[in-house]
Amino acid sequence: MKPPTVFLGEMTNTELEQFLEAHHTVIIPVGATEQHGPHSPLATDVIIPNEVARRVAPLVGAVVAPPLPYTLSYPHVGFTGVVHLRIPTFMAVIEDLCVSFATMGMKRIVFLNGHYDNTYAIAYACAMAAEKIGKDVKAFPVNYWDGMPPETAAQWASLKKGLHAHTAEVSAIMAINPDLVDPEKLNVEFPNFPEYTVANIGAVHTAYFFTSPGSVYWATRSGTWGEARDSTPEKGEEYLRVSVQSTLDLLENIENTFKAMPVRD
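Residue numbers (our numbering): 4 to 268.
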């Protein structure tokens, strides 16, 4: 007998039809194909949200669609292995997926994002799709880290602690598949930014993320932003745990907000 699965791509069409009789939520992991330092795989931003989605799906009655590996990686242009789409192309893909999943019968279309640069493009694409998918269908992005309490988030990622190919990401990959990390190449590197203050954080953010393609390439030699040498599978499992809880909390709060928002029919 075929074992049950949460992955849409592993289902038959009749299994999916049975799922849709009672459930109407699909989670689409969205990542990137780009460098993650000399130690971690190019698909890091795909692997982590896919694993978070796998753990979340049975708790919310969802299926997990095949992930999107090619997205927006313009800050990493210059490094070998970066494969990315133009923003209009990426947004068109998101919009078409919204329509396709809505036509299938999904009522909640969740883009579980593992790559910060994708966030706003996904949100605007979902908004563009809204007129086509109907009022009863909601499509939206969720960054798996956004539901963490501030003190929890600060333990894993910050401008000073690191944001890319650092302990949190590397440890998560170690927990999922340790063979994908080269422990002999774990390193530490920080961009040479001014001292972080409330007054200049906007300037640092703009100069690093919103400038011409290749900002990460020009700001780092290795592609790592942060400390990675203390990465362990145990830390990775804890990071995945808090990421799952973060996602669950976000989904619950988003749903409650949908219900509370309308003041007009």
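We treat Cβ as the ideally placed atom computed from N, Cα and C, and that holds for glycine.
Three or more C-beta pairs under 8 angstroms: does that hold for the segment 4-18 against the segment 82-94?
no
For V67 and M109, I'd like the C-alpha separation in whole angstroms.
A straight-line Cα-Cα distance of about 12 angstroms links V67 and M109.
Is it right to say V62 is buried, meaning 16 or more other beta carbons lie within 10 angstroms of its own, or is it exposed?
According to the sequence as given, residue 62 is Leu; it is not Val. Burial call: exposed.
Please report how far the alpha carbon of T170 lies from the alpha carbon of V145, in whole angstroms.
22 angstroms
Give the DSSP-derived three-state secondary structure of N116 in the structure shown.
strand
Which ranges would you report for the beta strand (DSSP E) in the segment 71-95 if only whole runs of at least 3 residues count?
none
For P27, I'd like the list of residues in its chain whose CB is within less than 7 angstroms of its CB, leaving aside the five on either flank, ordered along the chain.
This sequence places His at residue 27; Pro is not what is there. The residues are G108, M109, K110 and R111.
For the beta strand (DSSP E) that T28 lies in, which residues bound it at each end?
Following the DSSP letters along the chain, one finds T28 inside the beta strand (DSSP E) bounded by residues T28 to V33.
DSSP state of F261, grouped into three classes?
helix
Flag this pair as yes or no: are the beta carbons of P69 and A46 separated by less than 9 angstroms?
no
Looking at T36 and V49, is the spacing between their C-beta atoms short of 9 angstroms?
For the 9 angstroms CB-CB criterion, V49 and T36 form a contact.
Measure the C-alpha to C-alpha separation of P52 and D139 and round it to an integer number of angstroms.
Rounded to whole angstroms, P52 to D139 spans 26 angstroms at the Cα level.
Using a threshold of 9 angstroms, state whether the C-beta atoms of H79 and E172 are closer than that.
no
Hey, does H79 have any beta-carbon neighbour from chain D nearer than 9 angstroms?
No chain D appears in the structure shown, which is made up of a single protein chain.
Cβ-based neighbour list, A128, same chain, cut-off 7 angstroms, excluding 5 preceding and 5 following
Correct list, in chain order: M94, I97 and E98.
Using C-beta distances below 7 angstroms, list every residue in its chain close to T122, excluding the 5 sequence neighbours before and after it, in chain order.
N116, P144 and N146.
Closest by CA to P181, which one among V33, N259, S43 and M14?
Of the candidates V33, N259, S43 and M14, the one whose C-alpha sits nearest the C-alpha of P181 is S43.
Range of the contiguous alpha helix (DSSP H) that encloses P3:
There is no way to answer for residue 3, as the model of the chain reaches only from 4 to 268.
Please report the distance separating the alpha-carbon of A175 from that of V33.
16 angstroms
Check the C-beta distance from L189 over to S234 and give it rounded, since I have them as a contact under 8 angstroms.
6 angstroms
Tell me whether R232 sits in a helix, a strand or coil according to DSSP, three-state version.
Three-state DSSP puts R232 in coil, outside helix and strand.
Considering only C-alpha positions, which residue in the set E154, K238, R267 and N256 is nearest to I179?
Checking every option, the nearest Cα to that of I179 belongs to K238.
Rounded C-beta distance between W221 and H167? I'm assuming under 8 angstroms.
That pair is no contact at about 14 angstroms.
What does a CB cutoff of less than 7 angstroms around I125 pick up in its chain, not counting 5 residues either side in sequence?
V33, I97, F114, N116 and P144
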